[in-house]
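Engineer:
Number of protein chains: 2
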Amino acid sequence: MQYDQTMDAKDTFMRTALFRDLGGESLARLAEGSRRLEVARGEHLFLEGDEGRDIFVLAEGGIRLYKLAEDGQETTVKLVEPFEAFAEIAFFDDGRYPVSAVATKYSVVQAVSGTAFQALLGDRVFRGEFISTLIGRIRYLSQRIHYLTAYDVEQRFFRFLYEQCGASDTCKLEIPKKEIAAAIGTVPETLSRLILRLRERGDIEWKGSRIRVRDGLWEEQGYPRGGGAE
Amino acid sequence: MQYDQTMDAKDTFMRTALFRDLGGESLARLAEGSRRLEVARGEHLFLEGDEGRDIFVLAEGGIRLYKLAEDGQETTVKLVEPFEAFAEIAFFDDGRYPVSAVATKYSVVQAVSGTAFQALLGDRVFRGEFISTLIGRIRYLSQRIHYLTAYDVEQRFFRFLYEQCGASDTCKLEIPKKEIAAAIGTVPETLSRLILRLRERGDIEWKGSRIRVRDGLWEEQGYPRGGGAE
Chain A
1 MQYDQTMDAK DTFMRTALFR DLGGESLARL AEGSRRLEVA RGEHLFLEGD EGRDIFVLAE
61 GGIRLYKLAE DGQETTVKLV EPFEAFAEIA FFDDGRYPVS AVATKYSVVQ AVSGTAFQAL
121 LGDRVFRGEF ISTLIGRIRY LSQRIHYLTA YDVEQRFFRF LYEQCGASDT CKLEIPKKEI
181 AAAIGTVPET LSRLILRLRE RGDIEWKGSR IRVRDGLWEE QGYPRGGGAE
Chain B
1 MQYDQTMDAK DTFMRTALFR DLGGESLARL AEGSRRLEVA RGEHLFLEGD EGRDIFVLAE
61 GGIRLYKLAE DGQETTVKLV EPFEAFAEIA FFDDGRYPVS AVATKYSVVQ AVSGTAFQAL
121 LGDRVFRGEF ISTLIGRIRY LSQRIHYLTA YDVEQRFFRF LYEQCGASDT CKLEIPKKEI
181 AAAIGTVPET LSRLILRLRE RGDIEWKGSR IRVRDGLWEE QGYPRGGGAE
C-alpha cells in the first residue's frame, strides 16, 4: 500500500490549534518541512537544556513534559494530548528546551525543524497567516474569559437553555450532561451541584432529557418571554 | 519644552498587551516606525472597507469600532480603551478594515504603518519576539480558562483566601471587594451573592476586613491544616 507521509502530516497540522487556520498552500509547505517520528513508551524525545531544534505536534499517543528539580525530583509540567503542539516556545525563546519530553505510551509525533520553520516565516504569506492565526486565537480566548468572568455558572446555564429552547416552560435536551458542562465552561461536578441547587429552590425540574422551568423564572432572569428558538 | 515623540510611543507600546513583552531594541524600532495622531470627538480614523494601512494603539481617549448593516443601522463591535491595539487583524487578514473607527472623545492614537511593521517582521529577532509574545499570551489565557472552568467561584474564593492567609481561622483582607472579584475571575455582584450564601450557611463571618472561617471548613475543602502563608 502506498503511504503518503505528507498527507498524514498535513492532516495532523490541520487538526492542531496552532496551525489549523493556515491556508492550504502554507499547510502543504509546513508538511513538506516536517518529518514523522515514532517514540517508544518511556523513550525521551528531548531533554531539558537540549538545543531546541524542532517544533512538535503529537499525532498519536501521549507525551509527558517534566522538569527536574535540584534534588532530582520530577515535576510534570503538562501531559500533551494528540493534536497539541509543544516545544514551540523554546524555539521562539532562548533556543533551549525548558522541559524534558518522554512518551507515556507508543507515540507518533510530527516534527518541524526550526530551520524549515524559520524559512517559512521568512515568507510573507506564511508569516501573515501564522500571525493572524495566533491573533485570532487570542481574540477567541479573551472573549471566552469575558464570558466566564461576566456570567456565573447559573447565568451561563440559563443562557444555554435559552439558546437551545428559548424562554419556554419546557426544554428537551438530548445532550449528555458532560457536554452541557463543557459548553457552559464548567466541570460536570459543578453542573451537578448547580442542578441540585436549582431543584431544591424549585427553579427547575429535570426528568430524563426534559427540563421544566418554573413560571416567571425567565422574566426574573431578564429574558424576553417567547424569544429565542423553540 | 523638548517633546520626545519616540519616548511617548515607546511608553504607549510598553503598556499594550500585544507589544509589551518585546525587547527594548524591538520596542524602539516599533516606536520609530510609528506616528502619533490626534482625533477629534466624532472624527473617523478609518471607514469599513478602507485599505488597512496601519495598526493602531489607543494612547488616550476612546474609539468606537462599528459595522454598518445593509439598512444603514450601526452595530458597535467594540469600545477600544487606552493601551489596546486595534485593526491588527485587518493587517494580517485581507488588508481591508472590517469595521469603521470613530473617536467617542478627543483621542490620541499611535499608528504603526503596515509597511514599517512588515519590515520589522522581516527581521528575525523582532519577528521571534513578537511571535513569542503572542504564544505566551495564548498560554496565559489558556491557563486562565482552565482555572475558571475547573474551579467554581466558591472554590476559587477559598483558594484565594488560602493563598492570602493559609488554612487559618481568620484572615485579614485589606483588598477592596472589587479587586478580590477580579482576582478570582468574577464580577462584584457574583462575589457578593457568594459571600451572602457562605454567610447564610455559616461557613464564614466577614466583618470589616476580617474574615472568620468556620471550624473544619479547610479540611472539608481539602486544604492541609496550617499550610500556606500565615
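Sequence order for the protein chains is A and B. The opening residue of the first sequence carries number 1 in the working numbering; numbering runs sequentially from there. The opening residue of the second sequence carries number 1 in the working numbering; numbering runs sequentially from there. Even for Gly, the Cβ is constructed at its ideal location relative to N, Cα and C.
Tell me which residues share the same chain as Ala-40 of chain A and place their Cβ nearer than 7 Å to its Cβ, disregarding the 5 neighbours each side in the sequence.
Structural biologist: Cβ within range, chain order: Ala-103 and Tyr-106.
Engineer: Report yes or no: is there a C-beta of chain A within less than 9 Å of the C-beta of Ile-175 of chain B?
Structural biologist: Not closer than 9 Å to any Cβ of chain A, the Cβ of Ile-175 of chain B fails to qualify, so no.
Engineer: Should Arg-231 of chain A go down as buried or exposed, given a rule of 16 or more other Cβ atoms within 10 Å for buried?
Structural biologist: What the structure shows of chain A is the stretch from 1 to 230, and residue 231 of chain A is not part of that stretch, so it cannot be assessed.
Engineer: Hey, is Ile-63 of chain B's beta-carbon within less than 9 Å of any beta-carbon in chain A?
Structural biologist: No, Ile-63 of chain B lies away from the interface with chain A (no Cβ there is under 9 Å from its Cβ).
Engineer: Is it right to say Tyr-97 of chain A is buried, meaning 16 or more other beta carbons lie within 10 angstroms of its own, or is it exposed?
Structural biologist: Looking at its Cβ environment, which holds 16 or more other Cβ atoms inside 10 Å, Tyr-97 of chain A is buried.
Engineer: Using DSSP with H/G/I as helix, E/B as strand and the rest coil, what is Thr-75 of chain A?
Structural biologist: Correct three-state label for Thr-75 of chain A: strand.
Engineer: For Gln-221 of chain B, does the three-state DSSP call read helix, strand or coil?
Structural biologist: Looking at Gln-221 of chain B - three-state DSSP - the assignment turns out to be coil, as it is neither helix nor strand.
Engineer: How would you call Arg-127 of chain A, buried or exposed, if buried means at least 16 neighbouring beta carbons within 10 angstroms?
Structural biologist: Arg-127 of chain A should be labelled buried.
Engineer: For Leu-121 of chain A, would you say it is in contact with chain B, using Cβ-to-Cβ distances shorter than 9 Å as the test?
Structural biologist: Chain B, which has a Cβ nearer than 9 Å to the Cβ of Leu-121 of chain A, makes this yes.
Engineer: Mark Arg-197 of chain B as exposed unless 16 or more other C-beta atoms lie within 10 angstroms of its C-beta, in which case mark it buried.
Structural biologist: That one is exposed.
Engineer: Just the Cα atoms here: how many angstroms apart are Met-221 of chain B and Tyr-140 of chain A?
Structural biologist: Met is not the amino acid found at residue 221 of chain B; the sequence shown has Gln there. For Gln-221 of chain B and Tyr-140 of chain A, the distance between alpha carbons rounds to 33 Å.
Engineer: Among B:Arg-199, B:Leu-134 and B:Phe-158, which one has its Cα closest to the Cα of Ser-19 of chain B?
Structural biologist: For clarity, residue 19 of chain B is Phe in the given sequence; the question names Ser instead. Comparing Cα positions, the closest option is B:Leu-134.
Engineer: If you follow the alpha helix (DSSP H) that Ile-180 of chain B is part of, which residue opens it and which one closes it?
Structural biologist: That run of the alpha helix (DSSP H) goes 177-183.
Engineer: Could one say the Cβ of Ala-183 of chain A lies closer than 9 Å to chain B's Cβ atoms, at least one of them?
Structural biologist: No, its Cβ sits nowhere closer than 9 Å to a Cβ of chain B.
Engineer: Terminal residues of the continuous alpha helix (DSSP H) containing Val-108 of chain A?
Structural biologist: Unbroken run through Val-108 of chain A is the beta strand (DSSP E), 107-113; no alpha helix (DSSP H).
Engineer: Let me know the secondary structure DSSP gives Arg-201 of chain B once reduced to three states.
Structural biologist: Of the three classes helix, strand and coil, the one that applies to Arg-201 of chain B here is coil, per DSSP.
Engineer: So, with DSSP's three-state summary, where would you put Asp-54 of chain B?
Structural biologist: It is a strand residue.
Engineer: Would DSSP call Ser-142 of chain A helix, strand or coil?
Structural biologist: The answer is helix: DSSP assigns Ser-142 of chain A an H, G or I state.
Engineer: Round the Cβ separation of Ala-85 of chain A and Thr-16 of chain A to the nearest angstrom and send it over; I've been treating them as touching at under 8 Å.
Structural biologist: Confirmed, about 6 Å.
Engineer: If the cut-off is 7 Å on Cβ atoms, which residues from the region 50-84 of chain A count as contacting chain B, listed in chain order?
Structural biologist: Listed by position along the chain: nothing, the set is empty.
Engineer: Following the continuous beta strand (DSSP E) through Ala-239 of chain A, name the residue where it begins and the one where it ends.
Structural biologist: No information on residue 239 of chain A is available, as it lies outside the stretch 1 to 230 that chain A covers here.
Engineer: Compute the Euclidean distance between the alpha carbons of Ser-192 of chain B and Phe-83 of chain B, then round it to the nearest angstrom.
Structural biologist: C-alpha separation (whole angstroms): 30 Å.
Engineer: So for Gly-228 of chain A, helix, strand or coil by DSSP?
Structural biologist: Note on Gly-228 of chain A: pLDDT 48, under 50, position unreliable in the model; the coordinate value appears next. Three-state DSSP puts Gly-228 of chain A in coil, outside helix and strand.
Engineer: Nearest CA to the CA of Lys-178 of chain A: which residue from A:Ser-168, A:Thr-190, A:Lys-172 and A:Gly-61?
Structural biologist: The shortest C-alpha separation from Lys-178 of chain A is found at A:Thr-190.
Engineer: Which residue comes first and which comes last in the alpha helix (DSSP H) that contains Ser-26 of chain A?
Structural biologist: Note, Ser-26 of chain A: alpha helix (DSSP H), 24-32.
Engineer: Does DSSP put Arg-156 of chain B in a helix, a strand or coil?
Structural biologist: Correct three-state label for Arg-156 of chain B: helix.
Engineer: Would you call the CB atoms of Glu-48 of chain B and Ser-100 of chain B closer than 9 Å?
Structural biologist: For Glu-48 of chain B and Ser-100 of chain B, yes; Cβs fall inside 9 Å.
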